[in-house]
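Notes for the one structure printed next.
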Amino acid sequence: SSLAAAFNFITTIINLRAPGMTLMRMPMFTWMSFVVQFLVILAFPVITVALVFLLFDRFFGTQFYAVAAGADPLLWQHLFWIFGHPEVYILILPAFGLVSEVLPTFSRKPLFGYPVMVYSGILIGALGFGVWAHHMFAVGMGPIADSIFAVSTMLIAIPTGVKIFNWIGTMWQGQLRFTSAMKFAIGLVALFTIGGISGVMHSSPPADLQQTDTYFIVAHFHYVLFGGSIMGIFAGIYYYFPKMTGRMMSERLGNVHFWLNFIAMNLTFFPMHFSGMLGMPRRIYTYDSGQGWDTFNLISSIGAYMLVLATAIFVYNFFMSRKRGEIAGSNPWGAGTLEWTIPSPVPEYNFAVLPTVTSRYPLWEGTEKDAESARINSQEGKSSEELGIVLPYSTVKPMIVALAMVIMFCGLITTMALTFLGAAIMVVALYSWLLSPLEPEHH
Amino acid sequence: MSAPAAHHYTTTGLDSRKIAIWAFIGSECMLFISLISTYLIYKGRSIVGPFPHEEWTSPDGRHFEPILDIPITSASTFVLLMSSLAMVLALSAVQNKNLPKRTRGERILGSSKLWLWMTALLGATFLGFQAYEFTSFVHEGLTLSTNLFGSSFFTLTGFHGAHVTAGVIWLVSLLAIDYRRGLGPADALNVDIAALYWHFVDVVWIVIFTVVYLIE
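Chains A and B are the protein sequences, given in the same order. Heads up, the first sequence is in the working numbering, so the first residue is 154 and it goes up one at a time. Heads up, the second sequence is in the working numbering, so the first residue is 81 and it goes up one at a time.
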């Protein structure tokens, strides 16, 4: 299903852009999502194969991972990490894209160095396929392999660091508004940098020999995943909630959420740098006291409980605001890109009139034609029939195909009869879906 | 396939479905690259036989010849290659459905049903060869679990065979539509997409045949 979505996004971004929307005028979130979809179609088949080998070893007696039969003990690791490393760029690039939308809006300045941000995103995606064995520095690949992957890993820090500087450049001398979305976006810039610093420390194989499989690594990836991806996702939710629901989230609660989250996140994960350096291993369920780890872990636990509280406040804010939030209008933030020209929540057809794009920030830098098309598009309450826009039929058939696939895969771990049943339902539903018309006849 | 959608504005001027099928083929390339790479990594590393290109005597005295049969597999490869030719002719017949056909030769070349049948039948013949090969290997003592060669060989060629099977089902579906309402120039894109998939599956087999059968 990740693959299916990827095919869709790639096709849409290549082929269905509005007139005048050249690639270098696209919003950064769209660009980063575009890069990510290529990572998805190239990385997911590899883990599919790795898992097929595991499944076959377990159910059909193949020898892919059977060392006694001569199998390579590293095959799983190579296949997994050839997927696994691009996967972490799949996790972070969309968050980077969201930050690149949020920071300009709340600095009232266009993104600093837009072309560089695009190229660095592409470079991160491409180089991301050349670093995977840095997860395997301790398995004994030999000095040549270690050196090659050490160098490529160090190289990938460069385009990433460039983005940090461009975000700072975006905020520099801007008119900053510290909304919840903005706080989370700035939070990502700060915390991801910390995660990146520990990350580049792992890129040296001799240093990593001490760090690997300890809590030092756990500290690193939680800074980049929580301080990076999660912060970016929260920024995106606060930013786009008005567009999706037509209402504003509570900024007061958002402020509490942010600060509680920021402090708790650091309380939870910063001490892990120290316990890791002092040798605390990963993947243990208990440990002897008196090794110097106890206080650090206690602080982490306190931080973790605080995180639960922070997240609960966010969830409450989310659902409460859906019912009682202030009405948002089409552009509550004064942002510059096209999605803010249409009503909130967004009509089914998105744009009443297909805009012609002449700049990266049509609402800030656009021509009179842009303003006119924005005026037309922001009118509420028009149905697609009134506008003469043909939409595809609604149908439950894709859901049935998806459900059938779930049944198929459940059968793989229970009984094969379920797999055949699921496959049969899937084939029938698929044919039914493909043979029904996509949209009403029109000319 | 459903009736073709009306022509909307597109950025590249290409139909979106063409772009989507190429993205799909890209992901399938990675799938087969992973399977072929594993086969290559495990080449020559099986501890026990039977082996693909050399003979082997087991500890308890049974003798095994090299198990791959290059002449027969060359024949099945030729069959699959000819199926791609038939697919090209089928697509051309669909695209040129409305052109006048005056000679018998033109009528034969212009029959989409004939060439879709030929593609499907040649594809099914290839699958028949594969089924024969798989069963004879099992009979001769090579299974999925015998050794690394058996595991990687059957998995790789099995996945390929599954893709050929899906392609044959796709072709038969197109034939069903051709019998029901006829396939004409308006369906050319759908047939083109099926053709792209079919040629891809053929190219993958060329690589597999070279890597597994021809290179020792």
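Quick reminder that beta carbons are idealized off the backbone N, C-alpha and C, glycines included. Since this is a predicted model, take the numbers as computed values, not measurements.
Residue i - containing alpha helix (DSSP H), residue span
i	result
A/Glu240	Leu228 to Ser260
B/Gln175	Ile150 to Gln175
A/Leu583	Met569 to Leu588
A/Glu492	Segment: none, A/Glu492 is in no alpha helix (DSSP H) and carries neither H nor E.
A/Ser536	Where A/Ser536 is concerned, there is no enclosing alpha helix (DSSP H), given that its DSSP letter is neither H nor E.
B/Trp250	Leu228 to Arg261
A/Ala221	Per DSSP, A/Ala221 belongs to no alpha helix (DSSP H) and is neither H nor E.
B/Asp272	Ala268 to Ile288
A/Arg528	Glu521 to Asn530
B/Trp102	Ser96 to Tyr122
A/Tyr514	Per DSSP, A/Tyr514 belongs to no alpha helix (DSSP H) and is neither H nor E.
B/His219	Ser192 to Glu220
A/Asn168	Ser155 to Asn168
A/Ser273	Tyr267 to Leu280
6 Å Cβ shell around residue i - same chain, five flanking residues per side excluded
i	result
A/Thr520	Thr511
B/Ala85	Note that B/Ala85 has pLDDT 48, beneath the 50 cutoff, so the model's placement of it is unreliable and the number below is only indicative. Once the five neighbours on either side are set aside, B/Ala85 has no close Cβ partner at all.
B/Ala83	Because the pLDDT of B/Ala83 is 42, which lies under 50, any placement of that residue in the model is unreliable, and the number read from its coordinates should be weighed accordingly. Cβ neighbours of B/Ala83 beyond the five flanking positions: none.
A/Ile578	Ala557
B/Leu276	Ile101
B/Met81	Unreliable placement is indicated for B/Met81, whose pLDDT of 42 sits below 50; no coordinate value is reported for it.
A/Thr494	Ala527, Asn530 and Ser531
B/Thr78	Outside the modelled stretch of chain B, which goes from 81 to 296, sits residue 78 of chain B, for which no answer is possible.
A/Thr215	Phe209
A/Val271	Trp184
Cutoff 8 Å: residue i Cβ touching any chain E Cβ
i	result
B/Leu111	Protein chains in the displayed structure are A and B, and chain E is not among them.
Contact set for residue i: own chain, Cβ-Cβ below 7 Å, skip 5 residues either direction
i	result
B/Phe239	Leu115
B/Leu196	Ala170, Leu251, Leu254, Leu255 and Asp258
B/Pro130	Trp136, Phe144, Ile147, Glu220, Gly221 and Leu222
A/Phe302	Val284, Ala286 and His287
A/Trp234	Trp285, Ala286, His288 and Met289
A/Arg261	Gly327 and Gln328
A/Ile452	Leu420 and Pro424
B/Glu134	Pro146
A/Thr367	Gly429, Gly432, Met433, Pro434 and Arg435
Nearest-angstrom Cβ-Cβ length linking residue i and residue j, presumed shorter than 8 Å
i	j	result
A/Leu413	A/Met459	6 Å
A/Phe369	A/Gly429	3 Å
A/Gly281	A/Ile309	7 Å
A/Val377	A/Trp320	15 Å between Cβ atoms; not a contact.
A/Ala334	A/Tyr392	4 Å
A/Leu264	A/Thr323	5 Å
A/Gly314	A/Leu192	20 Å between Cβ atoms; not a contact.
A/Phe387	A/Pro424	That belief does not hold up - the Cβ atoms of A/Phe387 and A/Pro424 are roughly 23 Å apart, past 8 Å.
B/Leu228	B/Arg97	Their Cβ separation, rounded to whole angstroms, is 40 Å, which puts B/Leu228 and B/Arg97 out of contact at 8 Å.
Listed by chain order, chain B residues near residue i by CB distance under 7 Å
i	result
A/Thr164	Ser96, Ile99, Ala100 and Ala103
A/Asn168	Thr90, Thr91, Thr92, Leu94, Ser96 and Ile99
A/Gln216	Ser225, Asn227, Leu228 and Ser231
A/Thr201	Leu111
A/Ile553	Near A/Ile553 there are no residues of chain B at all, since even the closest Cβ is about 17 Å away, more than 7 Å.
A/Leu156	Ser107
A/Leu232	Ser114
Bridge-paired residues (DSSP) for residue i
i	result
B/Trp136	B/Phe144
A/Ile553	DSSP, once it has assigned bridges, lists no residue as partnering A/Ile553.
A/Met367	For the record, residue 367 of chain A in the displayed sequence is Thr; it is not Met. According to DSSP, which records beta bridges pairwise, A/Thr367 is partnered with A/Pro434.
A/Ile480	A/Arg400
Closer than 9 Å at the beta carbon, the chain B residues around residue i
i	result
A/Ala224	Tyr122, Arg125, Leu228 and Ser231
A/Pro198	Ser107, Glu108, Cys109, Met110, Leu111, Phe112, Ile113 and Ser114
A/Ala159	Ala103 and Ser107
Chain A residues whose Cβ lies nearer than 7 Å to that of residue i
i	result
B/Leu207	By Cβ distance, chain A contributes nothing, its closest Cβ being about 18 Å from B/Leu207, past 7 Å.
Residues that residue i contacts on chain A, provided the C-beta gap is smaller than 8 Å
i	result
B/Leu115	Val202
Other residues of its chain near residue i: CB distance less than 8 Å, five sequence neighbours each side excluded
i	result
B/Leu202	Val159, Leu160, Met162, Ser163 and Ala166
A/Phe162	Ser186, Phe187 and Gln190
B/Ile105	Leu276, Tyr277 and Phe280
B/Lys193	Leu255, Asp258 and Tyr259
Listed by chain order, chain B residues near residue i by CB distance under 8 Å
i	result
A/Leu228	Thr118 and Ile121
A/Phe337	Residues of chain B passing the Cβ test: none, with the nearest at roughly 32 Å.
A/Phe209	Leu224, Ser231 and Thr235
A/Phe213	Leu224 and Ser225
A/Leu195	Gly106, Ser107 and Met110
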